[in-house]
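Worksheet: the structure to be examined is printed underneath.
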Amino acid sequence: MLVGRVVGNVWATKKSPTLDGMRMLLVAPFTTGDKGSDEVLVAGDPIGAGIGETVLVAFGRAARTVLGSQDVGWQVAVVGIVDAIQLADGGTFELADDGTRIPV
Amino acid sequence: MLVGRVVGNVWATKKSPTLDGMRMLLVAPFTTGDKGSDEVLVAGDPIGAGIGETVLVAFGRAARTVLGSQDVGWQVAVVGIVDAIQLADGGTFELADDGTRIPV
Amino acid sequence: MLVGRVVGNVWATKKSPTLDGMRMLLVAPFTTGDKGSDEVLVAGDPIGAGIGETVLVAFGRAARTVLGSQDVGWQVAVVGIVDAIQLADGGTFELADDGTRIPV
Amino acid sequence: MLVGRVVGNVWATKKSPTLDGMRMLLVAPFTTGDKGSDEVLVAGDPIGAGIGETVLVAFGRAARTVLGSQDVGWQVAVVGIVDAIQLADGGTFELADDGTRIPV
Amino acid sequence: MLVGRVVGNVWATKKSPTLDGMRMLLVAPFTTGDKGSDEVLVAGDPIGAGIGETVLVAFGRAARTVLGSQDVGWQVAVVGIVDAIQLADGGTFELADDGTRIPV
């Protein structure tokens, strides 16, 4: 379970029918270092997040519980949209569309 | 769940019978950095992808749901073929056979 | 399963209802090297840990067992608060709020 | 699920009885980079692979399906012996005992 | 599933009751490189390993099978104590308490 930033969309016409009807987002994991990870994930999004938003991502059974069925080809899902992050040594902030921190 | 590029095939004659009848592909994860990962995965392919194609890959129960049975030795599967990727800071593109980005 | 330090909080208003009523903590994995990992996790916290505390974190079914239900969007949870760590080559210590080691 | 090279054996007398009767192999993941990973795995081997052979490795439920029971302490298993690997940009080859590529 | 060296103990008074009665060990994964990983794991130990010993570690369902129940907060467990490791290119050895290799 991690926080990430939505950095893109993925389109696939030829796919398992169990993936139909749900947008696929590319998500870059948030790190406390200088930049996010470049090992991007694909997540199904039942919540309605857009590019640039900060999201909460879960894996496996937890992801499918939020998607509503265990019998699908989804293994990762957006399970929430993050309003703000508070770091012990970095104040409270939102992430801007480009990933920079905006104090709140 | 991730996007990857099919970079090869794997052949195995001596294997679990539960792996019979399905092609095994080598997949290199897509990253937003300069190059893909060199930590390649093996995925069963029920969708019909070929070398050089960009695919969607899932793990565990999700992979086996798309393969049609939970009682097999497969743990990773191709669950879709990617038409295009849109990055917030990189336009919309396909991946060429060699992994370079082709604007669409 | 790992030891980590609570380095922050995450707030999300729009989320799966199965995540309601539980605080979300950002946790930085403890390493035996010079610094913790900057690949932070998000964990649900049914134990009551605060920022700066050292916690025990579990994943998947184990996490949800401690949370009380398998039918939730949680995949990671705080399952204990660490009193002390003893390293074979580093004595016995607590971790201070900033991650430095305090001998006990 | 990955391709790896068998680089060693592990012996353990004191262990869970559910691990009895199966050889334990050390497997180094194959990468498309200059060398394999040094983060070696331990896998149960129901197929009969030897040191230097290239194997297909699966995790979790898939591994235990091939081993024949879900109620064992095994989490990783050899599920096949690889005859040849074809890379889009590297020809078709076997891996020699020392990991170098032998064209076939 | 991996081989690791027990490098420490963890104590936690406030924790899930499902974790009671089992020692928690810090385990550093064995690698074939110059040193072990500094990304240490926490494992429940039903086998009776001590600091400096080399152990076999499993995750998830396999770990809990060895612990005796799927309904616990444990996700990682020691499932065996390693007597010796044989590497194709490094002889047969035990690991000393400090991780150096002792030929056997």
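Chains as they are written, first to last, in the numbering used here: chain A, -8 to 95; chain B, -8 to 95; chain C, -8 to 95; chain D, -8 to 95; chain E, -8 to 95.
Backbone N, C-alpha and C fix where the C-beta goes; we use that ideal spot for every residue, glycine too.
Nothing here was measured: the structure is a model prediction, and the numbers come from that model.
Among the options, the one whose alpha carbon lies nearest that of residue i
i, options, result
"threonine 4/B", "Ile76/D, Asp29/D and Pro94/D", "Ile76/D"
"glycine 90/A", "Met13/A, Ala19/A and Met(-8)/A", "Ala19/A"
"proline 67/D", "Asp74/D, Thr56/D and Val73/D", "The residue you asked about is not proline; residue 67/D is valine in the sequence shown. Checked all of Asp74/D, Thr56/D and Val73/D; the closest Cα to valine 67/D is Thr56/D."
"aspartate 74/C", "Leu47/C, Asp62/C and Leu58/C", "Leu47/C"
"asparagine 0/C", "Ser28/C, Val31/C, Asp29/C and Leu17/C", "Leu17/C"
"methionine -8/A", "Val70/A, Val95/A, Phe84/A and Ala87/A", "Val70/A"
"serine 33/D", "Gln61/D, Gly51/D and Val95/D", "As written in the sequence, residue 33/D is valine, which differs from the serine given in the question. Of Gln61/D, Gly51/D and Val95/D, the residue nearest in Cα terms is Gly51/D."
"valine -3/B", "Glu44/B, Ala79/B, Ala54/B and Glu85/B", "Glu44/B"
"alanine 79/C", "Ala54/E, Ala49/E, Asp88/E and Asp11/E", "Asp88/E"
"methionine 15/A", "Ala49/B, Gln61/B, Trp65/B and Ser7/B", "Ala49/B"
"aspartate 11/C", "Trp65/C, Ala53/C, Gly24/C and Arg92/C", "Trp65/C"
"serine 7/A", "Ile93/B, Arg92/B, Ala54/B and Val31/B", "Ala54/B"
Beta-carbon proximity of residue i to residue j, cut-off 8 Å
i, j, result
"isoleucine 42/C", "isoleucine 72/C", "no"
"aspartate 29/B", "threonine 22/D", "yes"
"valine 63/D", "threonine 9/D", "yes"
"methionine 13/E", "glycine 35/E", "yes"
One or two residues paired with residue i in a DSSP bridge
i, result
"glutamine 77/A", "Thr83/A and Asn0/C"
"valine -6/D", "Leu47/D"
"methionine 15/E", "Val1/E and Gly35/E"
"glycine 71/D", "Lys6/B and Leu47/D"
"arginine 92/C", "Leu86/C"
- Message: So if I threshold CB-CB distances at 9 Å, which residues from the stretch 29 to 45 of chain B count as touching chain D?
- Response: For the stretch 29 to 45 of chain B, which is checked against every Cβ of chain D, the residues closer than 9 Å are Asp29, Glu30, Val31, Leu32, Val33, Ala34, Gly35, Ile42 and Gly43.
- Interface residues of the stretch 3 to 17 of chain A facing chain B [CB-CB below 8 Å]: Ala3, Thr4, Lys5, Lys6, Ser7, Thr9, Leu10, Met15 and Leu17: these are the residues of the stretch 3 to 17 of chain A whose beta carbon lies less than 8 Å from some beta carbon of chain B, given in chain order.
- Message: Along the stretch 68 to 87 of chain C, where does the CB come closer than 7 Å to a CB of chain A? Name the residues.
- Response: Listed by position along the chain: nothing, the set is empty.
- chain C contacts from the stretch 52 to 67 of chain A (Cβ-Cβ distance under 9 Å): Residues Arg52, Ala53, Ala54, Thr56 and Val57.
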